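Undergrad:
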Amino acid sequence: MPKLTYIAHYPEHLKAQIRTLIEEEKLGKYLLLKYPTTHSLTSDKALYAYVMELRTAFLRKSEPITKVLYDGKISDINDALGLHRITIKNHGGRLRSKSEIRVASVFKTAPEAFLKMICVHELSHLKEREHNKAFYALCEKMEPSYHQLEFDVRIYLTHLELFGKLYM
Numbered sequence: 001m002p003k004l005t006y007i008a009h010y011p012e013h014l015k016a017q018i019r020t021l022i023e024e025e026k027l028g029k030y031l032l033l034k035y036p037t038t039h040s041l042t043s044d045k046a047l048y049a050y051v052m053e054l055r056t057a058f059l060r061k062s063e064p065i066t067k068v069l070y071d072g073k074i075s076d077i078n079d080a081l082g083l084h085r086i087t088i089k090n091h092g093g094r095l096r097s098k099s100e101i102r103v104a105s106v107f108k109t110a111p112e113a114f115l116k117m118i119c120v121h122e123l124s125h126l127k128e129r130e131h132n133k134a135f136y137a138l139c140e141k142m143e144p145s146y147h148q149l150e151f152d153v154r155i156y157l158t159h160l161e162l163f164g165k166l167y168m
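Using the UniProt record's numbering, you'd call the opening residue of the sequence shown number 1 and step up by one each time.
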């Protein structure tokens, strides 16, 4: 039985259900029934517009975002599916900060709900730097089913690790 690294910290009864789906080769079917299609936001420009729409709807007073893009170098091996980075530069005696969001390129071919979960997570870092109660409350405000989506993303990553692509 494979090691379930993506859901290792979840309760044993959930891991047992996932193991059963893997053994019966039904993990892919479960995901396809729940999330039958992928999104069409495959360009960095489209991703930027999508993230800015979310930001406008929920975080109008947050710092501006200068760049949003898919990054093929981000790896779930590094414990990251997205990154939020702030750079501060001295510009003629003034400090200028730039904020950028990078999303792992694995989400180019994922369901939109998974992409939204990652974007919501990274946007929440504009207000809350740490993963604390306030951070997750903000995530849930922006996406009410945030925790379920996070779990399903972990199942999706488990499927990718064990069986490869799910969506063509």
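All C-beta atoms, glycine included, are put in the ideal place defined by N, C-alpha and C.
Keep in mind that this is a model prediction, so the values were computed, not measured.
Note down, in chain order, each residue of its chain lying with its Cβ closer than 7 Å to the Cβ of L69, except the 5 sequence neighbours on either side.
TA: Here the set comprises D44, L47 and R102.
Undergrad: Would P36 be called buried (16 or more neighbouring beta carbons within 10 Å of its own) or exposed?
TA: Exposed is the call here.
Undergrad: Is R102 helix, strand or coil by DSSP?
TA: If DSSP states are grouped into helix, strand and coil, R102 belongs with the strands.
Undergrad: Does the region 50-64 come close enough to the region 114-133 that 3 or more CB-CB pairs lie under 8 Å?
TA: The region 114-133 vs the region 50-64: in contact.
Undergrad: By the three-class DSSP mapping on this structure, what secondary structure does Y35 have?
TA: In the structure shown, Y35 sits in coil (DSSP, three-state: anything other than H, G, I, E or B).
Undergrad: Measuring alpha carbon to alpha carbon, tell me which of I7, L81, V153 and R129 ends up nearest K34.
TA: The shortest C-alpha separation from K34 is found at V153.
Undergrad: For G164, which option in I7, G28, P2 and H13 has the closest C-alpha, if you only look at C-alpha atoms?
TA: Of the listed residues, the one whose Cα sits closest to G164 is G28.
Undergrad: Check this for me: beta carbons of A104 and D71, under 8 Å apart or not?
TA: Yes.
Undergrad: What are the start and end residues of the alpha helix (DSSP H) that includes L21?
TA: Element bounds for L21: E12 to E23.
Undergrad: Is the beta carbon of L81 closer than 8 Å to that of I22?
TA: No, Cβ-Cβ distance for I22 and L81 is not below 8 Å.
Undergrad: Would you grab the beta carbon distance between E143 and K116 for me? Rounded to a whole angstrom, and I think it's under 8 Å.
TA: Indeed they touch by this definition, with Cβ atoms about 6 Å apart.
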